[in-house]
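Heads up, the thing below is written out as structure tokens.
Residue numbers (this note's numbering), protein chains in the order written: chain A, 151 to 628; chain B, 3 to 223; chain C, 136 to 802; chain D, 10 to 331.
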């Protein structure tokens, strides 16, 4: 049987249903339940044999684990958001009316992301990404505060321009495919595009890739296209920040990497590596330096997301089995880690009633479990062992250096800069004398623990199937 | 380069679209901008219709209709309303001088041509020239967005960018989903217009952020 | 044995995870310190037996770590020697910690990382592929970082921890590059593969340089030592002891492993580089220690000095090896390893003693101490032994290894490369200077702390703690004396380890009996036991003889002091006063030491003030400019947060156009 | 076997006795010669014996603050000096004690003595003690490396740092006149002057605050303790004199490898006495002809010694082609 219809169907159905649920508690439960259902059916992908590609959707080594990952994080985020939203209601920052909308949109968002991942058609993928953008835009503006509206507006404008450019790139890809495949839907279908890629028109493909890189790169928050990202993360509700950082950026990267595959398959097209490396390094450096002066804890980690997108882009730009493996691993683990971090800082900012770093001092002293989870998460995200990201950074740095020493050194400097910035802030947040007023912790840390456990295991031992997927994709990526 | 486009009507329309783009760049008065843009939209509609006819692809008529109705008529009218309602001063405020932007536009066109020249065009796909035109229209639309201050001109820039897209899309033989995409885009544009109404924005991308700096001052240090 | 050790490490990790959940706290302290101490003792004894008995090299591969490679572990002589050194030291420090930790403000915070720290240290020694090695190395850094953060409420401590963490990750990244350079793009990170690695020579050279920088910065070699004097004192004293006594040694192991084992045949400049760096570290370290007023910082700087000596000996050994003088190379290496062993013990002793003083007086500034010898006799005795050892004086163990180092320096005339032939004696002179200065430094440290009259209330009211703390000190001091008097014990370990690495045994008689004759019988020899006995015998004999001849008459009276005794303790020499001549001679140029004297005019009541300012050049010319640069750049970049959307769009447009231009240029 | 052991032990004991007996004589005769050169009559050369004896009998006055370190220091310092004296050949070679440590060990023994001396200076907590200790630390920090470098140079010539072996090498005429050895000799002499607190570094005959180094440290000692320290000081001078002698002019030393050869021993004694008298005379001449230095000039003085010693080593490396 084919699990895909279910995977896409559940969120859609839930979205429709939630649009009519007015009580926010029930809504939250339904939301979490639906996400759980989606996750469970997505697990079917692992057990059943991979379904044949259809016109709409397909599954291959690349997106299978991304689908599972996405549905999993979407589930934990929904779980976390239940507690989080309840607290927001109590503090009166949100009204039940908002929440009805919020929950429905949440499901639409997860539907859009899953569709973008599984879409077998570059047009559909593009549409899905646009849908995801619009939903997140309205989610970011949920609080209706001036800053949130501004953030949403900024996000919306930059996002739509990006979308437009991405569409143009898509058209150009179709155009490039024309020569080999003639008119018709085939020329938009991933599964057939890969087969024919070697015969595409390289020049058009190059131009197309530039537009796609800029377009989807905007969604992925690569510098200098990143401007929307920090504010959107900082002003929206935390579960959405978690989903944005954890999933939506991945989706955008997924699109870029897919198109890179086409170029890699085509001999005459220019190697996209240098472009990716340039974008990635600029993201790494700029984001890393921006970390030093952040005062808003959510914006801080938003910039760290940009930095990691940069690292991943560099990895894919380097290419080669090791670097690609590192990039894929980093992609998966970053989404797990970053979402966990956003859960913790969401709880922290609720417990302290502020997002200002100065006022969240001595977290380990005031809320030990929360504080140490944040420390663990930050250690993990900055690539410290025994967490998984250490492995990917190890592979990336040590495999880059012998091939391009200068690049390796640059990578070292960039990583160290970002590390310094993040740790500087962490020392302020987690340690030191704690504030007097210590509100009890609301919401559960179990999702955080789950994520941390996963990345811990990944750091020590990677399951066989995952490795084989990564390796096969690393091969195709060239 | 305009000499190359002679016989094929699609080239004609393409050229008209590009010219309209330049016209938008050139205008100093908002209403003029709107009119120039309307012309561009109409030109796009004509191009779409012509392609629909020549490719026997009836669905492209829908695209043409959308282009004509929404961008050719509805949007200009709505924007005109906004101009009167919010009595935005009628002159275009430029971030970069008119002349400079014109030059930049020419430069972009050259870039587009450079990019397209090496393409060995293949069977019955749209010709190099049309592709070049579409590319330059997209770039010029973008240019308009970043060199003009008024909300109106910026929306117009966005829409003309999208005109370029449509031009390319309809040009390609048998391009599927064109209609869906233009619909999706109309959604975006609707959103933006709504936003302008909602925020009563005089200057789409500038003033708002002056306030936003206020609110993010927490980040300063 | 390897498997057992790994199991032990696993237990330690579990202990670390369980520690925070143990209640009550007293029990948790007992459990952790007992557990860590016990395991350390077991490891240490097993390892030393393994070294002396010279067992087989055992290897093990587990399906962990990098999926296509697995995790490799290996136990050979070198690793076993370092295991013995660090674990034995740790075990004794744990005895001290059992009494000390409970008195800390937040003992729980220094609890969980402790077993992890020990496990990581041992794991570094056992690693047999780059991934496990670097992972364990970084784990060690994190655990020690948390240990340093134990009293996190102190801002200075947080700053120290931050600097430390950043420097540690710098060293890890450098090591990553080094291993990457050796492994090449193939990505086979097994040590076995790295040994065979035939990379471009340029890359190999790069790898060695990077490894020296990476491991050196962790070991605290100048000029990458800036973190050490911050981090070691900031931690609780038993942790400081572990950092200086244990972790630094692991870093040296990394250096040794890379240079003697992985990097292949040495070329002449490796040794020279290490020799120069080592000697200058030794001199700078001890000079700075001489100027310090904070007791624990003083000890930290003396650690830099000793690391410098070790690095010097390693470099010497490398130079000999490059000239294929293998027996001399083995001698120098043995000297270095012996000093590793000795320093592990006496530095732990000193830091623990400083902890006792800190507990008894709450003081760290020796300016305010004094007279403690009468308040805390046992501590003063043990600290005196520690000071003698650190000053490199007989009959303590510090002298033995310094003696060996000098012996190998004297043997350096047989080098054939010309640059080393010239560099070694010059640097040897520097080392001799450092040795002499260390004696002066510890006269100052001990004398100002324990002797004279108390300079503050706290010092006058100090009470010597009992229980586990003095016991730990006694154990450490005992070992120091034992290793000094029967140097064969220590050298036997070092010699067989060096034998394992170089493949050549020291000449006959090097470790035989009570005579230490590294260059074979007939050459120079040192018999610590005999020297000790002779001096002791002469002293006691004289006393007995004189007592027999003329019965002694003693009387207590006020100090004479040239006839003008002054009751106020303020007239005593201060720490700054003591080191003033040395400061004027040595520190004015290197540390830009400046004195500002504020002498009030006659009739003015206020006291005269003398202020001394001096800077660590590495900090002022290395870290400070970097910090400023980052500050400036971030301030400039921060504007990116506040542009208008139109400007952001312009950035986007610019990116698009640039990329398109690139593509156009490509075609 | 037993025979050999007994003879060697006997030799060692004899050596000790000679050393202890001759140390005061050296100092005494130095003072005597000096006063004569200054045109005074001066005390007889055996005056130091009388002083020591008197001090031994005297009651010891301890300051209230004196700790056990202050108490043990005299015995310790004396023992260390005696041990060092026992290891340096004076009239005979192959002392059993010479085998338990080499030149470096001897230097280290002296350094240990200095260490405790300085601690004792600090112990009472008087300004003078601290001053002495501080200045002594300065001098020692320059003198010790110089000695080590001298040892290094000599060791390079002889191929070992074991004192008997070196002397043997010199005796065997293996060395001609060498630049490095000359430099080493000068360096060692300078160090000897500084280490023994002679003019121009220190003035053993005054208690002027500005000039004191060693005297300031032992200021609080009295009676027997003072006697021991004075004796140790005398021994130190003897050690340096005989060290220089045995390194650079060992001819005539009794090479008592096998049993007592009285003729040889007597010869050795005679040479030893000659050495002592020569040393006394030289020191006296030197001291009357130069003036005491400021403390910070001392640094340059000793620095020069250090540099010379290093140069000696470097020359050795340059000339050495083995």
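We put the CB at the ideal spot given by N, CA and C, even for glycine.
By DSSP, does residue 39 of chain B sit in helix, in strand, or in coil? The three-state reading of DSSP puts residue 39 of chain B in helix, counting H, G and I together.
Compare the C-alpha of residue 299 of chain C against each of C/320, C/273, C/321 and name the closest. Out of C/320, C/273, C/321, C/273 has the C-alpha closest to the C-alpha of residue 299 of chain C.
C-beta neighbour in chain A for residue 365 of chain C, strict 7 Å: Look at residue 365 of chain C: its C-beta is not under 7 Å from any C-beta on chain A.
At a CB-CB cut-off below 7 Å, which residues of chain C make contact with residue 147 of chain B? Under the 7 Å cutoff, chain C gives 784.
Inter-residue Cα distance where the pair is residue 125 of chain B and residue 132 of chain B: Because residue 125 of chain B sits at a pLDDT of 44, beneath the cut-off of 50, its placement in the model cannot be relied upon, and the following sentence gives the value as read from the coordinates. Between residue 125 of chain B and residue 132 of chain B, the C-alpha separation is close to 14 Å.
If you draw a straight line from the alpha carbon of residue 243 of chain A to that of residue 292 of chain A, how long is it in whole angstroms? C-alpha of residue 243 of chain A to C-alpha of residue 292 of chain A: approximately 10 Å in a straight line.
Are the C-beta of residue 223 of chain D and some C-beta of chain C separated by less than 7 Å? The Cβ of residue 223 of chain D sits no closer than 7 Å to any Cβ of chain C.
Going by other Cβ atoms of all chains shown within 10 Å of its Cβ, with 16 needed for buried, is residue 590 of chain C buried or exposed? Residue 590 of chain C is buried by the Cβ-count criterion.
From what residue to what residue does the beta strand (DSSP E) around residue 195 of chain C run? Taken as a continuous stretch (DSSP letters only), the beta strand (DSSP E) holding residue 195 of chain C covers 193 to 197.
Is there a Cβ of chain C sitting closer than 7 Å to that of residue 107 of chain A, yes or no? Because residue 107 of chain A is not part of the residues shown, which for chain A are 151 to 628, the question remains open.
Let me confirm a value: residue 579 of chain C is counted as buried when at least 16 other C-beta atoms fall within 10 Å, else exposed. Which label applies? Counting Cβ neighbours within 10 Å, residue 579 of chain C comes out buried, since at least 16 surround it.
With contact counted as at least three CB pairs below 8 Å, one residue from each stretch, are the segment 655 to 670 of chain C and the segment 617 to 628 of chain C in contact? The segment 655 to 670 of chain C is in contact with the segment 617 to 628 of chain C.
Proximal residues, the segment 408 to 419 of chain A versus chain C, C-beta separation under 7 Å: Flagged: no residues at all.
Give the range of the beta strand (DSSP E) segment to which residue 208 of chain C is assigned. Element bounds for residue 208 of chain C: 206 to 210.
Three-state secondary structure (DSSP) at residue 222 of chain C? It is helical.
Can you tell which of A/273, A/347, A/429, A/353 has its C-alpha closest to the C-alpha of residue 414 of chain A? Considering only A/273, A/347, A/429, A/353, the residue with the shortest C-alpha distance to residue 414 of chain A is A/347.
Beta carbon proximity, residue 517 of chain C to chain B, threshold 7 Å: By the rule that beta-carbons nearer than 7 Å mark a contact, residue 517 of chain C does not touch chain B.
Take residue 425 of chain A and list the residues in its own chain whose beta-carbon comes closer than 8 Å to its own, dropping the five residues that flank it on each side. Within the same chain, Cβ atoms closer than 8 Å to the Cβ of residue 425 of chain A are found at 359, 360, 363, 467, the five residues on either side in sequence being excluded.
Where does residue 662 of chain A fall in DSSP's three states? Residue 662 of chain A cannot be examined here, being either before or after the span of chain A that is shown, 151 to 628.
Cβ neighbours of residue 330 of chain C in the same chain (closer than 8 Å, five flanking residues each side left out): Sequence-distant partners of residue 330 of chain C (beyond 5 residues in either direction) whose C-beta falls short of 8 Å from its own C-beta, in its chain, are 396, 397, 399.
Name, in chain order, the residues that DSSP records as bridge partners for residue 429 of chain C. In the DSSP secondary-structure assignment, residue 429 of chain C is bridged to C/500.
Spell out whether any CB of chain A is found under 7 Å from the CB atom of residue 399 of chain C. Proximity of residue 399 of chain C to chain A, defined by a Cβ-Cβ separation below 7 Å, is not satisfied.
Residue 64 of chain D versus chain C: which residues are under 9 Å apart at the beta carbon? Chain-ordered listing is empty here: chain C has no CB closer than 9 Å to the CB of residue 64 of chain D, the nearest sitting near 11 Å.
Can you tell me whether residue 144 of chain D is buried or exposed, with buried defined as 16 or more other CB within 10 angstroms of its CB? Residue environment for residue 144 of chain D: buried (at least 16 other C-beta atoms within 10 angstroms of its C-beta).
Which first and last residues belong to the beta strand (DSSP E) in which residue 66 of chain D is found? That residue, residue 66 of chain D, is in no beta strand (DSSP E); its alpha helix (DSSP H) goes 56 to 66.
Short Cβ contact (7 Å threshold) for residue 558 of chain A with residue 312 of chain C: Contact: yes.
If you measure from the beta carbon of residue 68 of chain D to each beta carbon in chain C, is any gap under 7 Å? Yes, residue 68 of chain D lies at the interface with chain C (some Cβ there is under 7 Å from its Cβ).
Beta-carbon spacing of residue 490 of chain A, residue 592 of chain A below 7 Å: No. Outside cutoff.
Candidates D/246, D/316, D/271, D/171: which alpha carbon is nearest residue 292 of chain D's? Among D/246, D/316, D/271, D/171, the Cα nearest to that of residue 292 of chain D belongs to D/246.
Does the beta carbon of residue 84 of chain D sit closer than 7 Å to a beta carbon anywhere in chain C? Residue contact check for residue 84 of chain D against chain C: a CB pair falls below 7 Å.
Find the residues of chain B that neighbour residue 314 of chain A, judging by a C-beta separation of less than 7 Å, and give them in chain order. Within 7 Å Cβ-Cβ: 163, 164, 167.
Counting only Cβ pairs nearer than 9 Å, list the residues of chain C close to residue 345 of chain D. Not covered by the structure: residue 345 of chain D. The range shown for chain D is 10 to 331.
With a CB to CB cut of under 6 Å and the five nearest residues on each side skipped, what residues in its chain are close to residue 729 of chain C? Exclusion of the five residues before and after residue 729 of chain C leaves 748 as the residues of its chain whose Cβ lies within less than 6 Å of its Cβ.
Hey, how far is the Cα of residue 127 of chain B from the Cα of residue 167 of chain B? With a pLDDT of only 49 at residue 127 of chain B, under 50, the local geometry of the prediction cannot be trusted, and the value read off the model is given with reservation. Residue 127 of chain B and residue 167 of chain B: Cα-Cα distance of roughly 15 Å.
Going by the C-beta, is residue 178 of chain B closer than 6 Å to any heavy atom of the ligand GTP? Ligands displayed in this structure: none; no statement on the ligand GTP is therefore possible.
What does the alpha-carbon distance come out to for the pair residue 322 of chain A and residue 235 of chain A? Roughly 43 Å separates the two Cα atoms.
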